[in-house]
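Participant: All the letters of the sequence shown, read from the start, carry residue numbers 0 to 262 under numbering that gives the first Met the number 0. Ideal Cβ placement from N, Cα and C applies to all residues, glycine included.
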Amino acid sequence: MPEATRAFAVPISTSQFSCVGERSGNQDAIGYHVDDHFACFVVSDGVGGTAGGELAARTAVDTMLNAAVDVPSITDDAIQRYVNGANSAILAKQRELTAQHKMSATVVALFIDRDTSQARWAHAGDSRLYRYRRGLVIDQTEDHSLARRAGHANTAAQTGPLVASNLLYRALGARHELVPALSPVQTLADGDAFLLCTDGLWQRLSQPVMERCLQLAASAEEWLALLRRAAETRGGEESGDNYSALAVWVGAPQQVTLAAGAG
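1. According to DSSP, simplified to helix, strand and coil, what is T115?
2. Within the same chain, show all residues whose beta-carbon is closer than 8 Å to that of D189, passing over the 5 residues directly before and after it, in chain order.
3. Name the two residues that bound the continuous beta strand (DSSP E) containing V136.
4. Runs of 3 residues minimum, wholly inside the region 61-106: which ones carry the beta strand (DSSP E) assignment?
5. Where Q26 and V106 are concerned, what is the direct C-alpha to C-alpha distance, given to the nearest angstrom?
6. I need the straight-line Cα distance from Q99 to R133, nearest angstrom please.
7. I'd like to check one pair, S103 with A67: are the Cβ atoms closer than 7 Å?
8. Can you find at least 3 beta carbon pairs, one from the region 169-184 and one from the region 67-86, that sit closer than 8 Å?
9. What residues in its chain sit with their C-beta under 6 Å from that of P10, if we drop five residues either side in the sequence?
10. Considering only residues of the same chain and omitting the five flanking positions on each side of W313, which have a CB-CB separation below 6 Å?
11. Enumerate in chain order the residues of its own chain whose CB-to-CB distance from T197 is below 7 Å, with the five nearest sequence positions on each side excluded.
12. Using 8 Å for Cβ pairs, my map puts E220 next to S14. What's the rounded Cβ distance?
13. According to the neighbour-count rule (16 or more other Cβ atoms, all chains shown, within 10 Å of its Cβ), is S144 buried or exposed?
Laid out in structure tokens, this is it:
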């Protein structure tokens, strides 16, 4: 019986891209680790174009991945330790490089226990995680921005004046102690798909467009290719920001989505 209930680790496939957009440099960073028992995916974005944003984002990704690989876990304590380790590493860089003493970064991360088919995610700032099932969004992180707090999150589907969309009240490097937003433990289903992305992407694309790209895709790579093409067509709104994404497929999303559509 034990072998029947846990014969194989949950299958995972991934793809990623990072584009400079209309900016002169790229302050987004992406990284992931997948082994037989545990997987960790991290996306970070240097905040506000401040000096050191690129370094802050890369420091966040590298520090979190190293910590998660050393002590893999999806417990509250472990994930908070990963995030606060990245926060401390950025604060140390601020002290070391005085010209970049205001460097900070957003972060969004997904952690998967492949043995139990359970997942959790954490974030700080306005980089987002979307969870899809049968081709539709079922979970989405809440931005730590003044725009979201005011109830005016800006997307490509909305018009009207921007409401401080780039002002964050939570980010790595902004204060000595950081409490990330942390999801409950989630049980994965065959066909679940995750998208981790920076604000440069989700500001360009409406949710229906993002869902449609998933519904048309036969693989994680094709999904991101469709999203990238749509983002390039849409343009960069007013900021022309970098835009980056990391796709995570659990099992066979295309088969589950197509089966749902056929029904």
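Facilitator: Inspection of the coordinates gives the following:
1. In the structure shown, T115 sits in coil (DSSP, three-state: anything other than H, G, I, E or B).
2. V249, G250, A251, V255, listed in sequence order.
3. 135-139
4. none
5. Between the alpha carbons of Q26 and V106 lies a distance of about 12 Å.
6. 44 Å
7. no
8. yes
9. G250
10. A query on residue 313 cannot be resolved here, the shown segment of the chain reaching from 0 to 262 and no further.
11. So the list reads D27, V42, D44, S126, N241, Y242, S243, once near-sequence residues are dropped.
12. 4 Å
13. buried
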